[in-house]
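Only one structure is covered here, and it is reproduced in the block below.
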Amino acid sequence: MFTLSVRQRRRVLVADLVSTAVFPLAITGATAAVPDVSAQLPGPAALGPWIVLAYNGLFAAALLLAGATADRGTRTRFFAAGNIVVAATGLLSAFAPNLPSLVALRAVGGIGAAMCAAGGSSMVLAVYPPEERRRVYGYAGAVLGSSLALGPVVAQALMAVGGWPLVFVVPGAVAAVAALTTLGLPGLRSPEPSGSFERAGAVLFGVTVAAAVTALGLGLGAGVPWWGPTGLMLVAAACATGLVRVERRAADPAIPVDLLRIPAYRAYAVATGAFMGMLVVGLTALPQLGSLRHMGAGEAAAMLSLLTVPSTVLPLLAARLARRLARPLVTTALFACTGTAAVLQVTGRPAALLLAAGVIGLCLGLTEGVPDGQALTYVPAHRGGAGAALFSTTRMSLETLTLAAATGVTAALGPASGLAVAGAVCLTAALVVRQAVPARADSASLSAGSAGSRTRRGSASAGSGRSRGR
29 MFTLSVRQRR RVLVADLVST AVFPLAITGA TAAVPDVSAQ LPGPAALGPW IVLAYNGLFA
89 AALLLAGATA DRGTRTRFFA AGNIVVAATG LLSAFAPNLP SLVALRAVGG IGAAMCAAGG
149 SSMVLAVYPP EERRRVYGYA GAVLGSSLAL GPVVAQALMA VGGWPLVFVV PGAVAAVAAL
209 TTLGLPGLRS PEPSGSFERA GAVLFGVTVA AAVTALGLGL GAGVPWWGPT GLMLVAAACA
269 TGLVRVERRA ADPAIPVDLL RIPAYRAYAV ATGAFMGMLV VGLTALPQLG SLRHMGAGEA
329 AAMLSLLTVP STVLPLLAAR LARRLARPLV TTALFACTGT AAVLQVTGRP AALLLAAGVI
389 GLCLGLTEGV PDGQALTYVP AHRGGAGAAL FSTTRMSLET LTLAAATGVT AALGPASGLA
449 VAGAVCLTAA LVVRQAVPAR ADSASLSAGS AGSRTRRGSA SAGSGRSRGR
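See the structure below:
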């Protein structure tokens with residue numbers, strides 16, 4: 029712990045919250061801009077989805093390594109450097125001459141975003157005592173939920189004002205503000221190293237995620253040689269095998285896999301990844317289906333609002349329901365998402381699309397914070413940072429893999445099939461939660477879960493980068 033004045037601690041928190049607001053906007057906002065960007069920039073149209081996929085994939089792949097580096101370096105400087113990377117790539121994206129250049133810039137921006145998340149979390153953990161962290165996580169959750177919900181709306185407004193370049197410039201400008209907020213703050217470097225860290229494990233994990241995401245995103249559609257995705261999956265399998273061997277020998281593993289042996293923790297991590305996968309796929313697939321059905325601009329905006337707004341207005345209700353109904357609430361929402369995806373396989377009428385967006389949005393809003401808060405009740409208090417970091421990494425990885433698989437299937441079979449992929453992931457997650465989480469768990473963890481259930485994305489994202497902060 030570092031002793032700072034109240035004003036300095038508030039500046040640390042403000043910097044982290046400002047930076048946190050960038051991530052959802054950079055993902056959901058970019059998703060809304062993909063059609064315009066693909067139409068206006070030269071390059072293969074198949075690269076359009078990679079504007080989002082490259083950012084997500086590198087974010088997930090770099091998160092563990094960034095977290096370890098943040099905890100072992102100068103936290104404030106590391107955080108500022110990540111925001112500068114995000115700001116620079118956002119500005120340069122506005123001037124990208126073609127789609128391959130934009131995708132490359134987005135990939136670098138994803139690495140910068142991982143540095144921001146890791147550095148910000150590490151700063152907050154270093155200056156706020158345990159008794160104040162729940163309140164801080166609550167702030168982070170509120171910012172994340174609001175930014176996630178407003179991302180598509182803000183993106184549409186920015187495109188109406190200045191075209192798609194503003195969708196990348198504005199988040200970059202916000203990241204620059206976050207970097208400037210750290211000026212004059214102490215570096216927050218630990219006087220002693222946090223201990224040895226198996227960097228090889230973090231690198232192998234990152235390569236595994238990146239290769240798997242790329243392979244699934246390419247798919248096996250027309251124009252994709254079979255050896256491309258197959259070779260990448262072999263690389264992912266080889267790296268995963270090496271990762272297991274390295275982690276078994278490491279004195280300080282990159283991945284605290286022992287936490288994944290806790291059935292309920294593992295199940296809720298899968299659940300939140302499935303929810304986020306359904307959201308990001310829905311943000312892409314539903315507008316595409318609407319376009320095929322010639323939906324008007326007003327209907328399209330209403331559809332996006334139904335999908336995202338509940339995440340800003342229902343979290344308090346979700347926290348109340350989760351006190352005794354977490355398990356049935358999560359499983360019912362996952363089954364509902366699965367059923368909605370199944371219905372859209374047989375009808376794509378505008379009314380059905382609006383209803384689907386409303387159902388998915390309601391499911392997301394009513395589970396806001398629930399899996400995260402419940403999962404962390406199974407983690408020992410002295411390992412809360414490691415538990416939150418691993419939870420965040422698992423969520424991001426499953427979310428990105430779901431998006432990648434849906435992208436590949438969509439290219440081959442159409443947007444409704446992409447939603448079917450997300451629905452299948454939700455069905456799997458529902459069955460995992462039903463099997464792994466005891467029915468009596470809600471009442472047993474009432475006191476701990478009610479406090480933590482308000483911080484689904486906040487606690488997990490605020491914990492990314494603290495995986496070694498035991």
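The numbering used here puts the first residue of the sequence shown at 29, with every later residue one more than the last. Glycine included, every Cβ here is placed at the ideal spot set by N, Cα and C.
Inset, instruction - For the segment 39–57 and the segment 276–294, state whether three or more C-beta atom pairs, one from each stretch, are separated by less than 8 Å. - result: no
Inset, instruction - Using beta-carbon positions only, say whether G138 and F196 come within less than 7 Å of one another. - result: No; because the gap between Cβ atoms is not below 7 Å, this pair is not in contact.
Legend entry - Residues sharing a beta bridge with T102, DSSP: R217
Inset, instruction - Check whether the Cβ atoms of P199 and G147 lie closer than 7 Å to each other. - result: no
Legend entry - Beta-carbon proximity check, G234 vs V274, cutoff 7 Å: no
Inset, instruction - Starting from the C-beta of R217, find all residues in its chain whose C-beta is less than 6 Å away, skip the five residues before and the five after it, and write them out in chain order. - result: T102
Inset, instruction - Verify whether the separation of the beta carbon atoms of G305 and V398 is less than 7 Å. - result: no
Legend entry - Simplified DSSP state of Q463, which is helix, strand or coil: helix
Inset, instruction - Pull up the distance between the alpha-carbon of S445 and that of Q316, whole angstroms please. - result: Going from the Cα of S445 to the Cα of Q316 covers about 12 Å.
Legend entry - Three-way DSSP call (helix, strand, coil) for M323 in this model: coil
Inset, instruction - Find the nearest neighbour of G179 within the set T59, V465, V241, L133, judged by alpha-carbon distance. - result: It is T59 whose Cα lies nearest to the Cα of G179.
Inset, instruction - Can you tell me which of the three DSSP states E160 falls into? - result: helix
Inset, instruction - Rounded to whole angstroms, what's the CA-CA distance from Y534 to E160? Just pull it up for me. - result: The structure shown does not extend to residue 534, since the chain is modelled only from 29 through 498, so no value can be given for it.
Legend entry - Reference I500; option with closest CA among S121, T421, A433, G259: Residue 500 cannot be examined here, being either before or after the span of the chain that is shown, 29 to 498.
Legend entry - Three-state secondary structure (DSSP) of T340: helix
Inset, instruction - Give the straight-line distance between the Cα atoms of L92 and R377, rounded to the nearest whole angstrom. - result: 43 Å
Inset, instruction - Kindly give me the distance between the Cβ atoms of R276 and A96, rounded to whole angstroms, as I take these residues to be in contact under 8 Å. - result: At roughly 18 Å, the Cβ-Cβ gap does not stay under 8 Å, so R276 and A96 are not in contact.
Inset, instruction - Starting from F123, trace the alpha helix (DSSP H) both ways and give me its first and last residue. - result: No alpha helix (DSSP H) holds F123; DSSP gives it neither H nor E.
Inset, instruction - Starting from the C-beta of A238, find all residues in its chain whose C-beta is less than 8 Å away, skip the five residues before and the five after it, and write them out in chain order. - result: G85, L86, A89
Inset, instruction - Use the C-beta contact count for D286: other C-beta atoms within 10 angstroms, 16 or more gives buried, fewer gives exposed. - result: With fewer than 16 other Cβ atoms within 10 Å, it is exposed.
Legend entry - Closest residue to S174 among V337, V461, G389 (Cα-Cα distance): V337
Legend entry - Beta-carbon proximity of V155 to L32, cut-off 7 Å: In this structure, L32 lies closer than 7 Å to V155 by Cβ.
Inset, instruction - Report the rounded CA-to-CA distance for T430 versus A302, giving the unit in angstroms. - result: Cα to Cα, the separation comes out at about 8 Å.
Inset, instruction - Within 10 angstroms of the Cβ of G215, are there 16 or more other Cβ atoms? Answer buried if so, exposed if not. - result: exposed
Inset, instruction - For S319, count neighbouring Cβ atoms within 10 angstroms of its own Cβ and tell me buried if that reaches 16, exposed if not. - result: exposed
Inset, instruction - Give the DSSP-derived three-state secondary structure of A409 in the structure shown. - result: Confidence at A409 is low in this model, with a pLDDT of 47, below 50, so the placement of that residue should be treated as unreliable; the coordinate-derived value is given next. Reduced to three states, the DSSP call for A409 is helix.
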